[in-house]
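Oh and the sequence shown: position 8 is 807 in our numbering, straight run, nothing missing.
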Amino acid sequence: MNDKIRDLQTTVLSDNWYVLRKVTYEFLGRDGKWQQHSREAYDRGNGATILLYNKANQTVILTRQFRMPTYLNGNEDGYMIETCAGLLDKDNPEDCIRKETEEETGYKISAVQKVFEAYMSPGSVTEILYFFVAEYTKDMKVSDGGGLQEETENIEVVEIPFAKAVEMVKTGEIKDAKTIMLLQYAQINRLV
């Protein structure tokens, strides 16, 4: 418990897609005075993401899909190039990312390595994201991927040379934070 927070009150504002809460509380400032704060927090659950890489071919597997919030905020066609990712639901992060990898990319992977975890937008979203990497080979391909029909996912699987993916960050073709973080992790650690 944090002794600098008291009188925490939570109201659900929306429970439509995920849960949006208004939280009112008192916070003990550095000056020793209690200040009332009111914030909104969006709870969509925790997630996992993975960068699939092929060291021999110097390639990575990414996905391309329409993201409405980016379209509303200036992304002209609304499409994003991203690492495979998904919500944990009731799975642990490793099981989740194995399942999501097969559903979205069509690759059945067994060995995954957790590299870190991060809050992606801590000022407004409760989600913590678990980051993984895994090496892939062509013989791991078991389906076309593309996501689940019942989840209305329309995911395009994209295999890109690693050097091109890094360049796409510089040109702005890749603007997704989780993808940038994993590409930089791969570059720093010389995975590809």
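Note that beta-carbon positions come from the ideal geometry of N, C-alpha and C, so glycine has one too.
**OP:** Could you spell out the range, first to last residue, of the beta strand (DSSP E) harbouring Val957?
**Re:** Residues Glu955 to Pro960.
Original post:
Would a C-beta distance cut-off of 8 Å place Gly971 and Val956 closer than the cut-off?
Top reply: Between Gly971 and Val956, the C-beta spacing is not below 8 Å.
Original post:
In this structure, what does DSSP give as the bridge partners for Met919?
Top reply: Residue pairing of Met919 in beta bridges, as defined by DSSP: absent, with no partner found.
Subject >> Cα-Cα separation, Leu851 to Tyr935 >> reply: Taking the straight line joining both Cα atoms gives about 6 Å.
**OP:** Since I believe Lys907 is in contact with Val941 (beta carbons under 8 Å), could you give me their beta-carbon distance rounded to a whole number of angstroms?
**Re:** The Cβ separation is near 5 Å, so the contact holds.
**OP:** Whole angstroms is fine: what's the gap from Thr869's alpha carbon to Asp876's?
**Re:** Near 9 Å, if we compare the C-alpha coordinates of Asp876 and Thr869.
**OP:** Determine the closest residue to Val911 out of Cys895, Gly828 and Phe865, with distance taken between C-alpha atoms.
**Re:** Among Cys895, Gly828 and Phe865, the Cα nearest to that of Val911 is on Cys895.
Subject >> Own chain partners of Val914 with C-beta closer than 7 Å, once the 5 adjacent residues on each side are dropped >> reply: Result list for Val914: Phe930, Phe931, Val932 and Tyr984, in chain order.
**OP:** Could you please give me the residues that DSSP links to Gln808 through a beta bridge?
**Re:** Within the DSSP bridge table, the entry for Gln808 names Thr823 as partners.
Original post:
In whole angstroms, what separates the C-alpha of Ile979 from that of Asn988?
Top reply: Ile979 and Asn988: Cα-Cα distance of roughly 14 Å.
**OP:** Using three-state DSSP, classify Tyr817 as helix, strand or coil.
**Re:** Coil, per DSSP.
Subject >> Those runs of the alpha helix (DSSP H) which lie wholly inside the segment 878-906 and span at least 4 residues >> reply: 892-904, all fully within the segment 878-906.
**OP:** Taking 8 Å as the threshold, find out whether the segment 805-813 comes into contact with the segment 885-892 through three or more Cβ pairs.
**Re:** Using a C-beta cut-off of 8 Å, the segment 805-813 makes no contact with the segment 885-892, since fewer than three inter-stretch Cβ pairs fall below that distance.
**OP:** With DSSP as the reference, please indicate the residues paired to Val924 in a beta bridge.
**Re:** According to DSSP, Val924 bridges with Tyr841.
Original post:
Could you give the C-beta distance for Tyr841 and Ser909, rounded to a whole number, given that I count them as a contact under 8 Å?
Top reply: Contact doesn't hold; Cβ gap of about 34 Å is too wide.
Subject >> Buried versus exposed call for Thr858 [16 or more other C-beta atoms within 10 Å across all chains shown] >> reply: It is buried - the Cβ of Thr858 has at least 16 other Cβ atoms within 10 Å.
Original post:
In three-state DSSP terms, what is Lys937?
Top reply: In the structure shown, the three-state DSSP call for Lys937 is helix.
**OP:** Check whether the Cβ atoms of Glu903 and Gly844 sit closer than 8 Å, and answer yes or no.
**Re:** Not in contact: Glu903 and Gly844 (Cβ atoms no closer than 8 Å).
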